[in-house]
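Chains A and B, in that order, are what the protein sequence lines are. Numbering-wise, the numbering used here comes out as the position in the first sequence, counting from 1, plus 1050. Numbering-wise, the numbering used here comes out as the position in the second sequence, counting from 1, plus 3.
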Amino acid sequence: MRYLKTSEAAALLNVSPNTLRAWERRFGFPKPQRSPGKHRLFTHGEVAALRDALQEGLSISSAISRAREGLAADANSLVGALVSYERERADAAIEAALALRSVERSVEEVLLPTLDEITRRYSVESAAWAFAAHWAGDWLRRATRLTPPPVREVSIVVGDASRDELDRDTPYIRALELFLVRAGVKVLSLSARGVAGIGDAATVHRPNLVVVAGGHLDDDTVARWAYAIRLAVGPMPLAVYRRGAERPRVRATGTTVLPAGAGDAQRTLLELLESDQAIASSPPAAQPQVQRAARGSR
Amino acid sequence: MAFTRGRPALHLVTPLEHEAPAPVISFCGHCGAHPPAAAPSRVCADCGLGLILESRADVAPKVGDAFLILDRTLAVCAVSEAAERLLATTEPDVVNQHVTALLMPANAEEKTGTSLSTAVAWAARGDSGTRTTVVRPANTFGIRLTARITSCGAPQAALVVLE
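Take a look at the structure:
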């Protein structure tokens, strides 16, 4: 994957960097990622597609629409490969998507929409979904395994409350795990059914946050699992992911309900972890100073 | 009539004088600004939100004019800044939609209501003439606008200037 800085992308499109930023605000395209230093990084594929569309377009909007259509072709070809039960073609389609996008965006814009489209067309009881879900789970686990080791000093335990591989939520949970691992977070994924020995696992992993993901298991089962973790390592923030929209009592306990999108959920979790660490690392200096001042005034 | 032995009369006709091609001018498809002749980019350097197109100088829009660019399928391709305000829309919202999402024919004299689509189709295929018709915003009654329709490009399209 080749990335371009704002100045490089602007030069390729023959516009100023300000114009490129104005397009991002008005049209949401090309959509940059951010470097660790928060600078914009554009994928070469998107910029090149837009450059070609601009040559033949009548407006920026129509050129962007055409460039987006070209990029959406990846999702269509992946749907075609999966409903034809062709694993090699599916691998090639996701590879083509990766040539134009980051892993995160390939998953969010191609893989997950493809799975949604297959469930919409064929239902989760179909053979097409069984094949697609298995392929997607395999691909996401492989991508997670190939990610470099975590660099952050934070870890998350994910309690998987989905039914099995054929659950609609499962690919989203695997995608969230992949995104977290790629963000440098240590992730331990366990089934939320198993309580025996969970304390040992939590003690070894020392999580900063617990996520309950998936909507298949009932609240009592999930609560027992979360309580077992809490007994082992003490109280810690809890977030729920794709537990269904009709669970208002979860919100009432102060638990964070994560957005349904894997990327949005990852960003929310990272913010939670950062704010949690900031609170933990802030020096408790204010209190002694006040006490000293109080003593001095006596 | 004077015919000689049943043979039609032949007359020498003077050749038609070829009209000099009308001068062409460039304009931005969003703000209507006229860039210098040798602009380095197709993107307008003034607003950065429109592509540079060409049209006959006498009918080209001016800065601040409300105009649309339509293709031969009558799909909206560009909406100027003033047209966005006039029609209460934004270009990204209506691009690729049919022109009737924005404008409806409103010529009381026109029985079939096809003058708008006919004029746009002719202009979009490169007809050099300029047609004028009356339209109204699609979601508003009681407002009449004069639409001046002519060809522009490239690629070939119809320019609809609202007055």
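Note that the Cβ used here is the ideal one computed from N, Cα and C, for glycine as well.
| request: Could you tell me the distance, in whole angstroms, from the CA atom of Pro1257/A to the CA atom of Tyr1222/A? | output: 21 angstroms
| Which word fits Gln1105/A, buried or exposed, when buried means at least 16 other C-beta atoms lie within 10 angstroms of its C-beta? | exposed
| request: Find out if the Cβ-Cβ distance for the pair Ala86/B, Ala69/B is shorter than 9 angstroms. | output: yes
| task | Look up Pro39/B in the DSSP assignment and say whether it is helix, strand or coil. | result | coil
| Nearest neighbour of Leu165/B, chosen from Gly35/B, Ile28/B, His14/B and Ser29/B [CA to CA] | Gly35/B
| Which residues, taken in chain order from the region 1055-1075 of chain A, show a beta carbon closer than 9 angstroms to some beta carbon of chain B? | Leu1063, Asn1064, Val1065, Ser1066, Asn1068, Thr1069, Leu1070, Ala1072 and Trp1073
| If you measure beta-carbon to beta-carbon, which residues of the region 1102-1125 of chain A are closer than 7 angstroms to chain B? | Leu1104, Glu1106, Gly1107, Leu1108, Ser1109, Ile1110, Ser1111, Ser1112 and Ser1115
| message | I want to verify the contact list: residues of chain A whose CB lies under 9 angstroms from the CB of Ile72/B, in sequence order. | response | Leu1108, Ser1109 and Ser1112
| said: Between Leu54/B and Val163/B, how many whole angstroms is the CB-CB distance? I'm expecting something under 8 angstroms. | reply: The Cβ separation is near 16 angstroms, so there is no contact.
| Assigned exposure category for Ile1144/A - 16 Cβ within 10 Å defines buried | buried
| query | Mind checking whether Glu1226/A and Ala1312/A have CB atoms under 9 angstroms apart? | reply | Correcting the residue identity first, residue 1226/A is Leu in this sequence and not Glu. Yes, the pair counts as a contact, with Cβ atoms nearer than the cut-off.
| query | Nearest-angstrom Cα distance between Asp61/B and Gly156/B? | reply | 15 angstroms
| In this structure, does DSSP put His1089/A in helix, strand or coil? | coil
| said: I need the straight-line Cα distance from Leu52/B to Ser1156/A, nearest angstrom please. | reply: 28 angstroms
| query | Under 9 angstroms between C-beta atoms, does Phe1077/A make it to chain B? | reply | yes
| What residue range is occupied by the uninterrupted alpha helix (DSSP H) comprising Tyr1277/A? | Asp1269 to Val1283
| task | With a threshold of 16 other CB atoms inside 10 Å of the CB of Val1065/A, please say whether the residue is buried or exposed. | result | buried
| field | Under 8 angstroms by beta carbon: chain A residues contacting Leu56/B | value | Leu1108
| query | Ordered along the chain, which non-local residues of its own chain (more than five positions away) have a Cβ less than 6 angstroms from that of Val1254/A? | reply | none
| Sequence-distant residues of the same chain with beta carbon closer than 7 angstroms to Phe1229/A, five excluded per side | Glu1154, Ala1312, Gly1313 and Gln1316
| Quick one: what's got a C-beta closer than 8 angstroms to Leu1357/A's C-beta in the same chain, skipping five residues either side? | Residue 1357/A cannot be examined here, being either before or after the span of chain A that is shown, 1051 to 1348.
| In chain order, what residues of the same chain lie with their CB nearer than 6 angstroms to the CB of Arg1232/A, ignoring the 5 residues before and after it? | Thr1197
| DSSP state of Arg1171/A, grouped into three classes? | helix
| Residues that DSSP places opposite Glu1203/A in a beta bridge | None, per the DSSP bridge assignment.
| said: On the DSSP bridge list, what partners appear for Gln1083/A? | reply: Leu1091/A
| request: Check whether the Cβ of His101/B lies closer than 9 angstroms to any Cβ atom in chain A. | output: no
| query | If we count the other Cβ atoms within 10 Å of its Cβ and call it buried at 16 or more, is Ile1279/A buried or exposed? | reply | buried
| My guess is that Thr135/B and Thr149/B are in contact by the Cβ rule of under 8 angstroms, so how many angstroms apart are they, rounded? | 6 angstroms
| message | Does any residue of chain A have a CB that is nearer than 9 angstroms to the CB of Cys80/B? | response | yes
| field | Through-space distance from Arg1171/A to Pro140/B, alpha-carbon basis | value | 38 angstroms
| How is the alpha helix (DSSP H) around Pro1221/A delimited, first residue to last? | Thr1220 to Arg1232
| field | Simplified DSSP state of Asp1210/A, which is helix, strand or coil | value | strand
| request: Return the CA-CA distance between Arg1218/A and Ser131/B, expressed in angstroms with no decimal places. | output: 57 angstroms
| Hey, which unbroken runs of the beta strand (DSSP E) at 3 residues or more fall wholly within the region 93-136 of chain B? | 106-108
| Which same chain residues, not among the five before or five after Val1201/A, have their C-beta less than 7 angstroms away from its C-beta? | Gly1234
| task | Since I believe Gly1078/A is in contact with Leu1150/A (beta carbons under 8 angstroms), could you give me their beta-carbon distance rounded to a whole number of angstroms? | result | Contact doesn't hold; Cβ gap of about 16 angstroms is too wide.
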